[in-house]
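**Q** The opening position of the sequence shown corresponds to residue 5 in this note's numbering, with each subsequent residue numbered one higher.
No residue lacks a Cβ here, since even glycine has one placed at the ideal position from N, Cα and C.
Predicted model, so just to flag it, every value in this text is computed and none were measured.
Structure incoming, see below.
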Amino acid sequence: MLKYATPAGYNELRTNIEEFLKLYKENKAVLIDIRMPFEKKVWGLKFTTEMTPEELESNLDKLPKDKLIVTACPGKGRSPFAAAFLKENGFNAKFLEEGLLELMAKLKGGEAKKFLEN
5 MLKYATPAGY
15 NELRTNIEEF
25 LKLYKENKAV
35 LIDIRMPFEK
45 KVWGLKFTTE
55 MTPEELESNL
65 DKLPKDKLIV
75 TACPGKGRSP
85 FAAAFLKENG
95 FNAKFLEEGL
105 LELMAKLKGG
115 EAKKFLEN
């Protein structure tokens, strides 16, 4: 996992909102929402799989091996570690560099409807 602590390793783990949305619409990516239970009570996204870091670790057998797994949290505190953990366990994984809050801002109002319809 320390491989991803280098600048090159960190860059290898990043993806952005535009790339994620493109892959998601093509059914080539899934989004894992890495938040704590108290955070999930405030808001959520219907198209994510919600897991705490502990749940992620104990549910590897339920994750797809044939899709990119994108991890995200409100900031960038947990998602890079989750993506590195998944990579080390043989998954194609990246983290959403802008975080869930920026994703929510991107999909607000008519943009969310347009994304879900197309």
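1. Strictly by DSSP, which residues pair up with Met55?
2. Give the secondary structure of Leu72 by DSSP, where H, G and I count as helix, E and B as strand, and everything else as coil.
3. Applying the 10 Å Cβ sphere with the 16-neighbour rule, what's the burial state of Asp65?
4. In the DSSP output, which residue or residues are listed as bridge partners for Phe99?
5. Taking 7 Å as the threshold (C-beta atoms), are Ala33 and Leu67 in contact?
6. Any chance the region 94–108 sits against the region 16–29, with 3 or more Cβ pairs inside 8 Å?
7. State buried or exposed for Ser83, treating a residue as buried only when at least 16 other CB atoms are found within 10 Å of its CB.
**A** Short version:
1. On the sequence shown, position 51 is the one that residue 55 refers to. Paired residue(s): Ile38.
2. By 1-based counting over the sequence shown, the position of residue 72 is 68. Looking at Leu72 - three-state DSSP - the assignment turns out to be strand.
3. In the sequence shown, counting from the first residue as 1, residue 65 sits at position 61. With fewer than 16 other Cβ atoms within 10 Å, it is exposed.
4. Here residue 99 refers to the residue found at position 95 when the sequence shown is read from its first residue. Answer by DSSP bridge pairing, in chain order: Arg18, Thr75.
5. Residue mapping note: residue 67 aligns to position 63 of the sequence shown, counting from 1. Residue mapping note: residue 33 aligns to position 29 of the sequence shown, counting from 1. With contacts defined as CB atoms closer than 7 Å, Leu67 and Ala33 fail to qualify as a contacting pair.
6. Between the region 94–108 and the region 16–29 there are three or more inter-stretch CB-CB distances shorter than 8 Å, so the stretches are counted as touching.
7. One-based indexing of the sequence shown puts residue 83 at position 79. With 16 or more other Cβ atoms within 10 Å, it is buried.
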